[in-house]
Amino acid sequence: MVLAAGLGTRMRPLTDDRPKALVEVGGRALVDHVLDRLADAGVERAVVNVHWFADRLETHLAARGRGPDIVISDERAELLETGGGLKKARALLGDEPVFVANIDSVWIDRGDALNQLARLWNPSMMDAALLLARREASIGFEGDGDFFLEENQRLTFRGEAPAAPFAYMGVHICRPDYVAAGPEGPFSLSALWRQSAAAGRLHGCVLDGDWMHVGDPQARDAAESRLAGG
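Residue 34 is where the sequence shown starts when you use the working numbering, and the numbers rise one by one after that.
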């Protein structure tokens, strides 16, 4: 599932006439960066949620010219955030585990990040498996880090610590029914992740490469420079 329904408020004025998913970095729309990564990892079908400039995004997706096959989850009536969006799309996703990807994440991969994450995934031990980036290998990320990673690949939240070495870089694997107990309407996945971490069922692996969090125009410019070798 590709989470592409956000308003892109921090990306204005670039999102005054388009969804954030269609802001270009390195000559490609953000949503295409993500979908191409998923296609290269063997994903054949992707559910994409839409809200802001939904018609324009649907037209772009229909004209992509390569996989994965796209199914639309329509959030025109109400923007549902990460958890609510995943819950609304439940019937479209089937019963097998899914990649869930944000559209503001671009990366240079010196390994095989998505397949590394897929190899880590073990539903008997995990509720979710998250792809992480090292803070020092991140561009456009302004926080103090999200997680500590234990030797057994379990994740703990930064909590009261002044900093943590790893940031969530916008892709994870979970079961589609992970959000079934969530509330109706908009909600974030963060609360569920905290419950899973407390139970020892939140795991992760680290990108071998450079991550660009494209959250605002300045970060977009920095990502373009990095992709161009700057």
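For each residue, glycine too, the CB sits at the ideal point set by N, CA and C.
ASP65 to ASP49, Cα distance in whole Å? 20 Å
Decide if the region 165-183 is in contact with the region 76-86; the criterion is three or more beta carbon pairs, one per stretch, under 8 Å apart. no
Identify every residue that forms a DSSP beta bridge with TYR201. LEU165
Using the Cβ count rule (16 or more neighbours within 10 Å means buried), how would you classify ARG45? exposed
Going by DSSP, what residue range makes up the alpha helix (DSSP H) through HIS93? 87-95
Quick check on the DSSP output: the alpha helix (DSSP H) that includes LEU63 runs from which residue to which? 63-73
Below 7 Å between beta carbons: does that hold for ARG78 and ASP249? no
Thinking C-alpha only, which one of GLY100, GLY39 and ALA146 is nearest HIS205? ALA146
According to the neighbour-count rule (16 or more other Cβ atoms, all chains shown, within 10 Å of its Cβ), is SER106 buried or exposed? buried
In the DSSP output, what is LEU182 paired with across the bridge? LEU188
Would you decide whether ALA162 is buried or exposed? Buried here means 16 or more other CB atoms lie within 10 Å of its CB. buried
Rounded to the nearest angstrom, how far is the Cβ of ARG109 from that of LEU55, given a contact under 8 Å? That belief does not hold up - the Cβ atoms of ARG109 and LEU55 are roughly 16 Å apart, past 8 Å.
Please look up how many angstroms separate the CB atoms of ALA230 and MET202, rounded, as I've assumed it's under 8 Å. Not confirmed; about 17 Å, so no contact.
Look at the Cβ atom of MET245, then the Cβ atom of ILE172, and state whether they are nearer than 7 Å. yes
What are the start and end residues of the alpha helix (DSSP H) that includes ASN148? 146-153
Chain-order list of residues whose beta-carbon lies under 8 Å from that of GLU91 (same chain, five-residue window excluded): VAL83 and ILE105
What does DSSP give as the partner residue(s) for GLY237 in the beta ladder? LEU163
Report yes or no: do three or more beta-carbon pairs, one from the region 144-158 and one from the region 233-243, lie closer than 8 Å? yes
Express the C-alpha separation of LEU47 and GLY60 in angstroms, rounding to a whole number. 14 Å
Locate the alpha helix (DSSP H) running through ALA134, then write down its first and last residues. Note, ALA134: premise wrong, no alpha helix (DSSP H); beta strand (DSSP E) at 131-135.
What residues in its chain sit with their C-beta under 7 Å from that of LEU94, if we drop five residues either side in the sequence? VAL81 and ILE103
Output the boundary residues of the beta strand (DSSP E) element that contains GLY242. 242-246
How would you call GLU114, buried or exposed, if buried means at least 16 neighbouring beta carbons within 10 angstroms? buried
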